[in-house]
Every structure is written in structure tokens, then in C-alpha cells.
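Numbering (my numbering), first residue to last: 2 to 201.
From the three backbone atoms N, C-alpha and C, an ideal C-beta is built for every residue, glycine too.
Nothing here was measured: the structure is a model prediction, and the numbers come from that model.
The structure appears right after this line, and notes come after that.
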């Protein structure tokens with residue numbers, strides 16, 4: 002799959018956050034960088050079909066054919082530190098719930114230790130630290146089958162050990178997939194040959 006943005010703009014009220022943005026995203030690796038307020042998160046949400054452009058077009062292409070937007074929900078996975086999970090569920094319950102709707106690469110209950118959250122599998126999510134919750138989000142992001150992984154500030158709330166887990170997951174699960182990261186942090190960009198898209 003490819004994602005084509007053609008003169009896309011997004012404004013909130015009179016504030017133009019993204020203006021006349023054009024790009025073609027293939028199954029490669031990209032990093033959207035820029036100062037706070039430059040529109041990184043907005044652009045990532047536009048690509049993920051979570052926001053509608055104020056102007057311009059976004060097309061999702063498969064073998065040159067335009068896909069219906071309703072059909073792309075299983076082809077893109079977006080995650081961000083501010084996304085809320087179902088707090089009343091334990092990690093185990095949440096994973097079983099999530100993978101009723103999406104396909105996994107590895108059985109999630111078998112890789113909890115790789116993300117160092119196995120000891121928390123019976124802990125309800127609202128009682129997790131922000132770092133442990135972010136590790137859970139990384140597990141879901143990388144282990145859910147998709148053509149594109151979209152990550153907003155993926156190492157937020159992670160200590161050095163958590164960042165190593167992020168590096169491990171990135172290297173293990175991104176082969177033959179598109180990865181688009183929005184970040185201000187160079188450590189988030191694992192592949193230093195990623196195409197950099199700098200917003201101003």
C-alpha cells in the first residue's frame with residue numbers, strides 16, 4: 002500500500018496547522034520532525050485517517066488503485082502516548098480484547114517478557130505506571146498486522162531500558178512495512194537512513 006497526500010491543508014478555526022502538504026509514503030521509513038506546534042501530530046493523524054483535511058486529498062493506493070477509506074482500518078496502526086486504553090481491564094484482558102478485532106504477528110501473551118510487562122499481565126491498566134503503559138502500547142503497535150505503523154513520540158515516558166525495548170521492537174517488527182514517526186527526539190529514529198520530513 003502507498004499513501005498519497007495532494008496539497009493537503011488542515012486548519013482549526015483560523016489557524017492553518019498544515020498547509021499545501023504533498024507527499025507519497027511507500028513501505029519505507031519516515032520521520033516527521035519540527036518544533037512543538039509545527040503540526041507533526043496533526044499530519045500523522047491526517048495520514049492515519051483520524052482527521053479530515055480542510056483542503057486537498059489523501060488517497061490510499063494498492064497496486065495503483067485507490068482504496069475506499071473504510072477498507073484501510075486494518076492496514077494502518079496509529080498509536081500515541083496520549084491515547085487512552087480501557088483502564089478497567091488488565092493487560093491480559095486488554096490484549097485478548099484488542100486481538101479479537103486485529104490480527105497479531107506473534108501471540109501477544111508469549112512476548113510479554115520481551116516488552117518487560119509479563120509481571121503486570123494481571124494488573125489493571127489504570128494502575129500501571131506511564132512507562133509500563135507505553136511499553137504495552139509499543140507491543141500492540143509493532144505486533145498488530147498492518148501495512149503502516151504510525152507512531153507519535155514513541156519513547157515518551159520511557160526510561161533508558163524502555164528505549165532499548167523500543168529499539169528491539171522496531172528492528173524486529175518493521176521489515177516490509179511502512180513506518181512513520183512524529184518526533185522531536187533523535188533517539189526515536191532507529192533507522193538513520195529514514196527520510197526526514199521537517200515541518201516549520
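- Assignment of alpha helix (DSSP H) within the stretch 29-67, counting only whole runs of 4 or more residues, yields 41-48 in chain order.
- Nearest to residue 105 by alpha-carbon distance, out of 17, 145 and 71, is 145.
- Collapsing the DSSP output to three states places residue 14 in coil.
- Between residue 189 and residue 156, the beta carbon gap of about 5 angstroms places them in contact (Cβ cut-off 8 angstroms).
- Between the alpha carbons of residue 103 and residue 151 lies a distance of about 16 angstroms.
- Judged by DSSP in its simplified three-state form, residue 191 adopts coil rather than helix or strand.
- Shown here, residue 126 sits in a helix according to DSSP, grouped into three states.
- For the set 11, 57 and 173, the Cα lying nearest the Cα of residue 39 is the one of 11.
- Here residue 22 really is in contact with residue 6; their C-beta atoms are around 6 angstroms apart, less than 8 angstroms.
- Of 129, 71 and 77, the smallest CA-CA separation from residue 27 is found for 77.
- DSSP, read as helix, strand or coil, puts residue 143 in helix.
- The count of Cβ pairs closer than 8 angstroms, one atom from the stretch 65-75 and one from the stretch 14-21, stays below three, leaving the stretches out of contact.
- Between residue 159 and residue 132, the beta carbon gap of about 6 angstroms places them in contact (Cβ cut-off 8 angstroms).
- In this structure, residue 138 sits away from residue 186, with a CB-CB distance that is not shorter than 8 angstroms.
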